[in-house]
Amino acid sequence: MPRYYEMLMEDVRFREGLNACMNCGVCTAICPAAEFYNYDPRKIVDMVQGENDEEIENLLKSETIWYCGECMSCKTRCPRGNTPALVVMALRTLSQKLGFFTESEKGRQQFAIKRTVGENIFRYGYCVASYAVSPEMHREQGPIWEYILENTKEVYERLGGQVNELGAGPLRRIPDDVREELRNIFEVTGGTEFFENIERHSKQKAAEMGLEFKKEGLDNEYFIEVFTANNKKHHI
Amino acid sequence: MKTEGKRRIWADYQKEIADDHFFYVRSCIRQSFFPGSEQFFLHFMRNVMGKDVFENPSHTTCTGIGYHGDVVPLNTIMTVVARHFALMKENGYRNIAISCVTSFGIYTEIIETWKHFPEELEKTREYLYKATKREFDIPESMAHTSDIIYKFRNEIAGKVKYPLVNKQTGESLKVVEHIGCHYSKMFPKYGVGGAEFPNVLGGMIDAWGGNVVDYPERRHCCGFGFRQYLVQANRGYSLSNTVKKFDSMMPFKPDFVLTNCPGCNMFMDKWQYTMKEMEGIVYGDNGESIPVLTYEELAGLVMGYNPWDLGLQFHMVQSEPLLRKMGVEFDPDDKFKTKDGRQMPVPEKLINT
Numbered sequence: 003m004p005r006y007y008e009m010l011m012e013d014v015r016f017r018e019g020l021n022a023c024m025n026c027g028v029c030t031a032i033c034p035a036a037e038f039y040n041y042d043p044r045k046i047v048d049m050v051q052g053e054n055d056e057e058i059e060n061l062l063k064s065e066t067i068w069y070c071g072e073c074m075s076c077k078t079r080c081p082r083g084n085t086p087a088l089v090v091m092a093l094r095t096l097s098q099k100l101g102f103f104t105e106s107e108k109g110r111q112q113f114a115i116k117r118t119v120g121e122n123i124f125r126y127g128y129c130v131a132s133y134a135v136s137p138e139m140h141r142e143q144g145p146i147w148e149y150i151l152e153n154t155k156e157v158y159e160r161l162g163g164q165v166n167e168l169g170a171g172p173l174r175r176i177p178d179d180v181r182e183e184l185r186n187i188f189e190v191t192g193g194t195e196f197f198e199n200i201e202r203h204s205k206q207k208a209a210e211m212g213l214e215f216k217k218e219g220l221d222n223e224y225f226i227e228v229f230t231a232n233n234k235k236h237h238i
Numbered sequence: 011m012k013t014e015g016k017r018r019i020w021a022d023y024q025k026e027i028a029d030d031h032f033f034y035v036r037s038c039i040r041q042s043f044f045p046g047s048e049q050f051f052l053h054f055m056r057n058v059m060g061k062d063v064f065e066n067p068s069h070t071t072c073t074g075i076g077y078h079g080d081v082v083p084l085n086t087i088m089t090v091v092a093r094h095f096a097l098m099k100e101n102g103y104r105n106i107a108i109s110c111v112t113s114f115g116i117y118t119e120i121i122e123t124w125k126h127f128p129e130e131l132e133k134t135r136e137y138l139y140k141a142t143k144r145e146f147d148i149p150e151s152m153a154h155t156s157d158i159i160y161k162f163r164n165e166i167a168g169k170v171k172y173p174l175v176n177k178q179t180g181e182s183l184k185v186v187e188h189i190g191c192h193y194s195k196m197f198p199k200y201g202v203g204g205a206e207f208p209n210v211l212g213g214m215i216d217a218w219g220g221n222v223v224d225y226p227e228r229r230h231c232c233g234f235g236f237r238q239y240l241v242q243a244n245r246g247y248s249l250s251n252t253v254k255k256f257d258s259m260m261p262f263k264p265d266f267v268l269t270n271c272p273g274c275n276m277f278m279d280k281w282q283y284t285m286k287e288m289e290g291i292v293y294g295d296n297g298e299s300i301p302v303l304t305y306e307e308l309a310g311l312v313m314g315y316n317p318w319d320l321g322l323q324f325h326m327v328q329s330e331p332l333l334r335k336m337g338v339e340f341d342p343d344d345k346f347k348t349k350d351g352r353q354m355p356v357p358e359k360l361i362n363t
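Going line by line, the protein sequences match chains A and B. Letter 6 of the first sequence, counting from 1, is numbered 8 in the working numbering, and no numbers are missing. Letter 350 of the second sequence, counting from 1, is numbered 360 in the working numbering, and no numbers are missing.
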């Protein structure tokens, strides 16, 4: 059995986030995810501090670790200075490195986040940009959002900005050489490899599930499946 | 009564905010959804206060939404942020002004990580040099842009044209303030009032004549939850948390909501629209929804700026009920006009119109 606990200890967030949990449950009481999902951060921290690698492997393949919203409210309140959300973040990173994330419906969603927010970083230099938030994928943004996208130039000019042009200002175009620097940073720090790993395991899972997978873009069966699938078994 | 101990404890909740010479870093969400807010901040600081605020066009995303969406590794985001610090150093600045609460939380987390794990700082220096040949210093002072508006709240109070008072009744307006989790829940010492007594927005509301509403779910998350909103299948999480807050504030009949974080603003505005569409529920008085303003929009509004130059018309929930209460003089025909006065199409189905 691989030593998953030791792998987690290589992540500074895990070392910082896990001191000694006394199972008081304050984290669960304050947790927005625990109110919505069948989720108990206290149990996760307790399970992990037991250092049982079999249990940790189950956790890495589970839906459970994907329920946290990373609001970090637990950090403020833990009387022992633990941060369950940091423990969860370390678990999520390891789950993706080992390819376990595709074993759960919520874990598979990492592919959708990589293809949207992740790729926006290289494409635009922003995680989020108005032109990358399509009304079709964001109905909740309402008619004002369609209006802003249809009239972007005029709306931004009225508010003192110039979209997609070089120079200072809101939603300026990020120069090519700057985006190249971002790519270099991702390459040197393991960010690119992390992205490629998500792609590799997702492609494999798509084949297992018999779903169409394309090298790029959002227009493929696997993306639509992971972006929209909800088996409704995530709640108490 | 001896108060020395109390004063000492209270000192832990104060924040030193620089006075001038800021390196300004924009927010992906604020510049996409509320560009007028960022532009007003720059106008106010430069032209009203006469301060030096520098923006480098090579500044990019901090990758914070990707990091909290768990697709960007820690080493990567630390190095992207280090690059921002390198730009600041190259431009000769030591005070950073951050326009985004997610970024603000990222910067605090990274600086604290480097303090607790100095080897991570050294590793980041090597990564950055290898990737970009740049070198960086850690900022001497770090402020969220709301901290800076808070610092100058009394100067703004001296210029108030429309105080936060109901013009008809003479009563102070009731204001819900929403700080945003990553402002001070992670590292309280970086926030005005810490995590226990956050006063960055409350201080503005008090100074400009309003009353802060204290309601049970005041400190509950807006519901962003990163992956819980980014992925369509999870959005029930996001909506449910916003609904929990609005259900809790509703009996107090707030006149508007004031937000610190651009993401929170977007959710508290757009989920009101969603609830009205899905369930027919509105949370304000008189069958109206509750306007949700950024602190820059509010500062501009009380100082008498044209609400349509601030961008109030680009929320889903329209602000006219609030403008009427405050007695703001505004031209309805100017609402959807271009900068040079040409009429634009008028959007349909906005709320409160």
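Every residue, glycine too, gets a C-beta built ideally from N, C-alpha and C. Being a predicted model, the structure only gives us computed values, none of them experimental.
For this session: Have a look at residue 196/A and residue 289/B and give me their C-alpha separation to the nearest angstrom.
Result: Taking the first sequence and counting its residues from 1, the one referred to as residue 196/A is at position 194. Taking the second sequence and counting its residues from 1, the one referred to as residue 289/B is at position 279. The alpha-carbon atoms of residue 196/A and residue 289/B are separated by roughly 41 Å.
Problem set entry | Boundaries of the alpha helix (DSSP H) in which residue 8/A is found, first to last residue | For the purposes of this step, residue 8/A is identified with residue 6 of the first sequence, where counting begins at 1. For residue 8/A, the enclosing alpha helix (DSSP H) has its first and last residue at 6–11.
Problem set entry | Of the listed residues 224/A, 107/A and 145/A, nearest to residue 66/A (C-alpha basis) | Reading the first sequence from its first residue, position 64 is the one you call residue 66/A. With distances taken between Cα atoms, residue 66/A lies closest to 107/A.
Problem set entry | Own chain partners of residue 258/B with C-beta closer than 7 Å, once the 5 adjacent residues on each side are dropped | Taking the second sequence and counting its residues from 1, the one referred to as residue 258/B is at position 248. Closer than 7 Å at Cβ, skipping near neighbours: 225, 226 and 227.
Exercise. Hey, is residue 14/A's beta-carbon within less than 7 Å of any beta-carbon in chain B?
Worked result: Your numbering for residue 14/A matches position 12 in the first sequence. For residue 14/A, the answer is yes, since a Cβ of chain B falls inside 7 Å of its Cβ.
Problem set entry | Nearest-angstrom Cα separation, counted from residue 210/B out to residue 19/A | Taking the first sequence and counting its residues from 1, one reaches residue 19/A at position 17. Taking the second sequence and counting its residues from 1, one reaches residue 210/B at position 200. Taking the straight line from one Cα to the other gives about 27 Å.
Exercise. What is the C-beta distance between residue 196/B and residue 112/B, in whole angstroms, given that I count them as a contact (C-beta under 8 Å)?
Worked result: Reading the second sequence from its first residue, position 186 is the one you call residue 196/B. Reading the second sequence from its first residue, position 102 is the one you call residue 112/B. Contact doesn't hold; Cβ gap of about 11 Å is too wide.
Exercise. So, is the C-beta of residue 59/A closer than 7 Å to a C-beta in chain B?
Worked result: Position 57 of the first sequence holds residue 59/A. Taking 7 Å as the threshold, the shortest C-beta distance from residue 59/A to chain B does not fall below it.
For this session: Would you kindly check if the distance between the Cβ of residue 17/A and the Cβ of residue 91/A is under 7 Å?
Result: In the first sequence, counting from the first residue as 1, residue 91/A sits at position 89. In the first sequence, counting from the first residue as 1, residue 17/A sits at position 15. Not closer than 7 Å, so no.
Problem set entry | 4 or more residues per run - each alpha helix (DSSP H) lying fully within the stretch 315–349 of chain B | 317–320 and 330–336
Problem set entry | Stretch pair the stretch 271–285 of chain B + the stretch 228–240 of chain B: three plus CB contacts closer than 8 Å | Judged by Cβ distances under 8 Å, the stretch 271–285 of chain B makes contact with the stretch 228–240 of chain B, as three or more pairs qualify.
Exercise. What residue from 81/B, 177/B, 192/B and 106/B has the CA that sits closest to residue 62/B's CA?
Worked result: Reading the second sequence from its first residue, position 52 is the one you call residue 62/B. With distances taken between Cα atoms, residue 62/B lies closest to 106/B.
For this session: Please classify residue 305/B: does DSSP put it in a helix, a strand, or coil?
Result: Position 295 of the second sequence holds residue 305/B. Here residue 305/B sits in helix by DSSP.
Problem set entry | Contacting positions in the stretch 297–325 of chain B - beta carbon closer than 9 Å to chain A | 318, 319, 320, 321, 323, 324 and 325
Problem set entry | Pairwise C-alpha distance: residue 223/B and residue 147/B | Residue 147/B sits at position 137 when you count from the first residue of the second sequence. Residue 223/B sits at position 213 when you count from the first residue of the second sequence. Approximately 41 Å between the Cα atoms of the pair.
Exercise. Which value, in whole angstroms, describes the spacing of the CA atoms of residue 231/A and residue 85/A?
Worked result: On the first sequence, position 229 is the one that residue 231/A refers to. On the first sequence, position 83 is the one that residue 85/A refers to. Cα to Cα, residue 231/A sits roughly 30 Å from residue 85/A.
Exercise. Using a C-beta to C-beta distance shorter than 7 Å, which residues of chain A count as neighbours of residue 354/B?
Worked result: The residue labelled residue 354/B in the question sits at position 344 within the second sequence. Within chain A, the residues near residue 354/B are 153 and 156.
Exercise. Relative to the alpha-carbon of residue 283/B, which residue among 255/B, 326/B, 269/B and 315/B has its alpha-carbon at the smallest distance?
Worked result: Sequence index remark: in the second sequence, residue 283/B carries index 273 (1-based). Of the listed residues, the one whose Cα sits closest to residue 283/B is 326/B.
Problem set entry | Closest by C-alpha distance to residue 225/A, when choosing among 236/A, 112/A, 152/A and 132/A | Numbered from its first residue, the first sequence carries residue 225/A at position 223. Among 236/A, 112/A, 152/A and 132/A, the Cα nearest to that of residue 225/A belongs to 112/A.
Problem set entry | Proximity below 7 Å, CB of residue 123/A to CB of residue 73/B | If you number the first sequence from 1, residue 123/A lands on position 121. If you number the second sequence from 1, residue 73/B lands on position 63. In this structure, residue 73/B lies closer than 7 Å to residue 123/A by Cβ.
Exercise. Given that a residue counts as buried once 16 or more other Cβ atoms are within 10 Å of its Cβ, and exposed if not, what is residue 26/A?
Worked result: One-based indexing of the first sequence puts residue 26/A at position 24. Its Cβ having fewer than 16 others within 10 Å, residue 26/A is exposed.
Exercise. Given residue 122/B, which residues of its chain have a CB within under 8 Å of its CB, disregarding the five upstream and five downstream residues?
Worked result: Looking up residue 122/B in the second sequence gives position 112. Excluding positions up to five away in sequence, the list reads 197.
For this session: Count the CB pairs spanning the stretch 329–342 of chain B and the stretch 175–190 of chain B that are closer than 8 Å, and state whether there are at least three.
Result: yes
Problem set entry | Within 7 Å, strictly: CB atoms of residue 295/B and residue 263/B | Position 285 of the second sequence holds residue 295/B. Position 253 of the second sequence holds residue 263/B. With a cutoff of 7 Å on beta-carbon distance, residue 295/B and residue 263/B are scored as near each other.
Exercise. According to the Cβ coordinates, are residue 150/B and residue 104/B closer than 7 Å?
Worked result: One-based indexing of the second sequence puts residue 150/B at position 140. One-based indexing of the second sequence puts residue 104/B at position 94. In contact: residue 150/B and residue 104/B (Cβ atoms closer than 7 Å).
For this session: Would you mind stating whether residue 29/A and residue 191/B have Cβ atoms separated by less than 7 Å?
Result: Against the first sequence, residue 29/A aligns to sequence position 27. Against the second sequence, residue 191/B aligns to sequence position 181. No; because the gap between Cβ atoms is not below 7 Å, this pair is not in contact.
Problem set entry | Contacting residues, own chain, Cβ-Cβ under 6 Å from residue 21/A (five flanking each side not counted) | For this step, residue 21/A is matched to residue 19 along the first sequence. Correct list, in chain order: 82, 83 and 84.
For this session: Identify which residue in 358/B, 333/B, 349/B and 194/B has its Cα closest to the Cα of residue 79/A.
Result: As a first step, residue 79/A must be located in the first sequence, where it is residue number 77. Of the candidates 358/B, 333/B, 349/B and 194/B, the one whose C-alpha sits nearest the C-alpha of residue 79/A is 194/B.
Problem set entry | Exposure label - residue 207/B; buried when at least 16 CB within 10 Å | As a working note, residue 207/B is residue 197 in the second sequence. Burial call: exposed.
Exercise. Under a three-way DSSP split, which group does residue 213/A fall into?
Worked result: Here the question's residue 213/A lines up with position 211 in the first sequence. It is coil, neither helix nor strand.
Exercise. For residue 56/B, which residues from the same chain have a beta carbon less than 7 Å from its beta carbon, with the 5 sequence-adjacent residues on both sides left out?
Worked result: For the purposes of this step, residue 56/B is taken as residue 46 along the second sequence, with counting starting at 1. Excluding positions up to five away in sequence, the list reads 63.
For this session: Kindly identify the DSSP beta-bridge partner or partners of residue 108/B.
Result: As a first step, residue 108/B is located in the second sequence; it is residue number 98 there, counting from the start. According to DSSP, residue 108/B bridges with 35/B and 154/B.
Problem set entry | Residue nearest to residue 23/A in terms of C-alpha spacing, selected from 37/A, 10/A and 51/A | Here the question's residue 23/A lines up with position 21 in the first sequence. Residue 23/A has its Cα closest to that of 51/A, out of 37/A, 10/A and 51/A.
Exercise. Rounded C-beta distance between residue 70/B and residue 180/A? I'm assuming under 8 Å.
Worked result: One-based indexing of the second sequence puts residue 70/B at position 60. One-based indexing of the first sequence puts residue 180/A at position 178. Going by Cβ atoms, the distance from residue 70/B to residue 180/A rounds to 6 Å, so yes, they are a contact pair.
Exercise. If you compare alpha carbons, which of 43/B, 33/B, 40/B and 54/B is closest to residue 312/B?
Worked result: In the second sequence, residue 312/B corresponds to position 302, counting from 1. That would be 54/B, whose Cα lies nearest to the Cα of residue 312/B.
For this session: Grab the span of the alpha helix (DSSP H) containing residue 185/B for me, first residue to last.
Result: Mapped onto the second sequence, residue 185/B falls at position 175. Unbroken run through residue 185/B is the beta strand (DSSP E), 184–188; no alpha helix (DSSP H).
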